[in-house]
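Numbering (my numbering), first residue to last: 590 to 1206.
Where is the CB? At the ideal position from N, CA and C, for every residue including glycine.
These notes are about the structure you will find just below.
Written out as structure tokens, the structure is:
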């Protein structure tokens, strides 16, 4: 640690110092671009950054890249209370030392998750004014952990379970077409040339382009894995029952779950620990009452050596040439790290019927999603109260028909079919649904569990597999029907024009998130494939003041309109020439430190808003 004594007077001083290299190798200069939760917490705890200042930086990036410039369309709305929420976090820190694992961290929510005061729209103009009566359980957990809700991410309308007329991923009647963060080109109709993935498209786009620190997506079958893979970020689709679905506009409670989307496995693990847990309003989360199923801290499982002696099965898939190269490289990496990879290792007896999108349902197709859509969407809409603009699926259909020019660019064939199902107890449609659900669960779990049991077919023996390796979201269907977890991490950039991300997915049995996180983290650390897209480069306003490990915090005050705080002395006021000692670490050699002294308005001494330090690198 280098100690520097600065002599302060009623003037602005510029001082050159010579400091040792950072004590922590590779300690970064802070930018909003690619910043991690740990970076942000360190900067805010040091007093050199406020939650308000951080929120303002993200808002500037959103203005630059989501509405103009590349027009990524990753967001559907910014929280109108963003500044107030951020200021409250700063007030909590000053008055009560308020802290949490996500203190001051901006989090973006997919727009099917309730968060006041914003409407929950599912991307539909029919729900543009549908404001819920309260936060979802998940949102409340995030806020309790200190997070600042940045806004709502765009999504494929009704999770792309609305139309059979080719609605592209990332499109909604309310938000328009979202584009891939790595290839923001559009065709003549405004649609993305390269898919951003869906249905949590905006969560993937915004996280990849550094428009948010982290995001929350939801998945019924591939809707977290797909946009995470397409946009080169990490996505966790948890075990159904790990995260509450209360206050989330559904497709079906049978398969729906929310999960984090982040730029690093560590950040995703931090968020997962915040949102996981028992909610009495969601019976599926009762599984969290069983010891060892759910954790409040998943970072404890991150292990660089987790691939050593790991056993992984890689089913065969028909891929394009560039995708094949990514997967071959991933398998080589796993083997080089000490893992045994059985490639190929087929999943046998996986005879799942296709997803039904019509009425009456054809034989052999699963009605789980389409039956659940009417049943669970109607339950959600009914929970909104008497002032809700739409009370039933039929209301949404009627609104869309009356506003077809805006609402029905791709039609609503699936919604129309879903509304014909009879969800009342013991109806013929319910009996068909129950049979389909039982088959979906039994067939998917039996086939997947047979892989995890290894060649001898017995769980708990030496030949068991820890995980199944899937390309991107291509293997999402079976784990989704089984309710099993999956984690996708960047697998590298495909040799396309322009280069595009492609993810690799680790999938495991129920509540195997600790093992999957360990494997995903080890793979991430061995490869470092994450690179930011060129569509949203750093802005001059992105800079975040350095967090100095070991600096004695003198107090935070005089935040000013910029939201960037000053350091304030405590004790006797500084009058005339006084000495103030700083202990600064993690500085580059010959760095410049600017120290300004300014009086508090109405004060006769320099005692409240005294020193402000920033680094010009």
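| Check | Outcome |
| --- | --- |
| At least three beta-carbon pairs within less than 8 Å, the stretch 986-1006 to the stretch 1053-1068 | no |
| Inter-residue spacing [alpha-carbon to alpha-carbon] between residue 917 and residue 651 | 36 Å |
| Of the residues 671, 902 and 896, the one placed nearest residue 925, counting alpha carbons only | 896 |
| Same chain only: Cβ atoms within 6 Å of residue 665, ignoring 5 sequence neighbours per side | 700, 741, 743 and 764 |
| Cβ neighbours of residue 667 in the same chain (closer than 8 Å, five flanking residues each side left out) | 648, 651, 739 and 740 |
| Minimum C-alpha distance to residue 919 - residue among 1016, 628, 729 and 1079 | 1079 |
| Neighbour-count burial assignment, residue 782, 16 or more Cβ in a 10 Å radius | exposed |
| DSSP-derived helix/strand/coil call for residue 984 | helix |
| Run of the alpha helix (DSSP H) containing residue 960, from where it starts to where it stops | 957-971 |
| Residue range of the unbroken beta strand (DSSP E) whose run includes residue 939 | It is not in any beta strand (DSSP E) - residue 939 carries neither H nor E in the DSSP assignment. |
| Simplified DSSP state of residue 754, which is helix, strand or coil | coil |
| Own chain residues within Cβ distance below 8 Å of residue 888, not counting five before or after | 855, 858, 859 and 862 |
| Alpha-carbon to alpha-carbon, residue 792 and residue 685 | 32 Å |
| Buried/exposed call for residue 1040, threshold 16 Cβ in 10 Å | buried |
| Closest by C-alpha distance to residue 1020, when choosing among 982, 955 and 1083 | 955 |
| is_contact[residue 867, chain C] using C-beta, thresh 7 Å | Of the protein chains in this structure there is only one, and it is not chain C. |
| Cβ-based burial, residue 844 [other Cβ within 10 Å; buried from 16] | buried |
| Cβ-based neighbour list, residue 736, same chain, cut-off 6 Å, excluding 5 preceding and 5 following | 691, 694 and 696 |
| Inter-residue Cα distance where the pair is residue 976 and residue 899 | 54 Å |
| Beta bridge counterpart(s) of residue 674 as assigned by DSSP | BP columns for residue 674 are empty, so no partner. |
| Close-in-space but distant-in-sequence residues of the same chain around residue 1026 (CB under 7 Å, 5 per side omitted) | 843 and 957 |
| Segment contact flag, the stretch 1005-1019 with the stretch 962-974, C-beta cutoff 8 Å, min 3 pairs | yes |
| Residue 1054, DSSP secondary structure in three states | coil |
| Among 679, 626, 885 and 1116, nearest to residue 1207 - alpha-carbon criterion | What is shown of the chain runs 590 to 1206, which leaves residue 1207 out entirely. |
| Coil, strand or helix - residue 1166 by DSSP | Confidence at residue 1166 is low in this model, with a pLDDT of 36, below 50, so the placement of that residue should be treated as unreliable; the coordinate-derived value is given next. Coil at residue 1166, not helix or strand. |
| Inter-residue Cα distance where the pair is residue 1007 and residue 663 | 29 Å |
| Cβ shell of residue 970 (< 7 Å), same chain only, five flanking positions each side left out | 977, 979, 980 and 981 |
| Buried or exposed (CB count within 10 angstroms, at least 16 for buried), residue 777 | exposed |
| Close-in-space but distant-in-sequence residues of the same chain around residue 1071 (CB under 7 Å, 5 per side omitted) | 1030, 1033, 1034 and 1037 |
| Residue 841, buried or exposed, once every other Cβ within 10 Å from all chains shown has been counted against 16 | buried |
| Three-state secondary structure assigned by DSSP to residue 1096 | strand |
| Straight-line gap, residue 774 to residue 768 (C-alpha atoms, nearest Å) | 7 Å |
| Where residue 990 sits in the DSSP three-state scheme | helix |
| For residue 901: DSSP bridge partner residues | 930 and 1056 |
| Alpha-carbon spacing of residue 1209 relative to residue 943, whole angstroms | Missing from the structure shown is residue 1209; the chain here goes from 590 to 1206 and no further. |
| Residues of its chain near residue 915, where Cβ-Cβ distance is below 7 Å and the 5 sequence neighbours each way are ignored | 1080, 1081, 1083 and 1091 |
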